[in-house]
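Chemist: Quick one: this structure, given as structure tokens, is what I'll be asking you about.
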Amino acid sequence: MVGTHTAKAPPSLLYMVKQVELVVRSHLDELVRPSGITALQYTALTVLERHDGLSAAQLARDSFVTAQSIADVVRSLESRGLIRRERNPRNRRELLILLTVEGREVLDRHAGPVRELEERMVRDLTDRQAEQFRLALSKAWQALS
């Protein structure tokens with residue numbers, strides 16, 4: 520039909536979430552590179568900062584990666600002295616992963632720049648919109664978990 524114009528559908532929310540994830544990861548990789556770690560390793564350190572003493576399986580779940588991926592992350596972080604593993608006193612077969620002083624120092628070094636990245640991401644939102652965005656992301660995650 521001549522003269523018919525179909526408006527393009529906006530990108531899907533899944534596509535948009537992935538775009539945000541990729542750009543955040545790229546910026547995060549740049550921020551933490553001077554410490555010799557990746558965004559994924561940084562994420563694992565932040566998980567341990569909130570919940571120190573996790574098993575590898577728990578750390579993988581909370582870091583949103585597979586068990587195989589977390590095994591590589593743990594080996595790398597342990598070899599750099601940023602984490603340590605010790606036996607769980609309640610289950611001697613299980614190893615718990617803990618932050619070291621050096622790991623906490625890496626997190627402290629990057630806390631300001633990471634906070635600035637987050638602020639930059641939401642700078643065009645009001646405080647209320649930023650809080651609604653946080654709540655919406657949390658609800659979306661819960662709906663799929």
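For the sequence shown, my numbering assigns the number 520 to the initial residue and increments by one for each residue that follows. Just so it is clear, CB atoms sit at the ideal spot from N, CA and C, and this is done for glycine as well.
1) Mark G622 as exposed unless 16 or more other C-beta atoms lie within 10 angstroms of its C-beta, in which case mark it buried.
2) Give me the residue from H546, L618 and R569 with the minimum Cα distance to R599.
3) Quick one: give me the first and last residue of the beta strand (DSSP E) that L615 is part of.
4) Rounded to whole angstroms, what is the Cα-Cα separation between S595 and Q560?
5) Are the Cβ atoms of F652 and L644 separated by less than 8 Å?
6) Rounded to a whole number of angstroms, what is the C-alpha to C-alpha distance between K658 and A649?
7) For N607, I'd like the list of residues in its chain whose CB is within less than 6 Å of its CB, leaving aside the five on either flank, ordered along the chain.
8) I'd like the span of the beta strand (DSSP E) that includes R604, first residue to last.
9) DSSP state of L573, grouped into three classes?
10) Quick test of your reading: A576 and A590, contact by CB under 8 Å. State the CB separation rounded to the nearest angstrom.
Modeler: Taking the structure as given:
1) With 16 or more other Cβ atoms from the protein chains shown falling within 10 Å of its own Cβ, G622 counts as buried.
2) L618
3) N610 to L618
4) 8 Å
5) yes
6) 14 Å
7) Beyond the five residues adjoining it in sequence on each side, N607 comes within less than 6 Å, by CB distance, of E613 and L615 in the same chain, given in chain order.
8) I602 to N607
9) strand
10) Not quite, the Cβ-Cβ distance comes to about 10 Å (not below 8 Å), so this is no contact.
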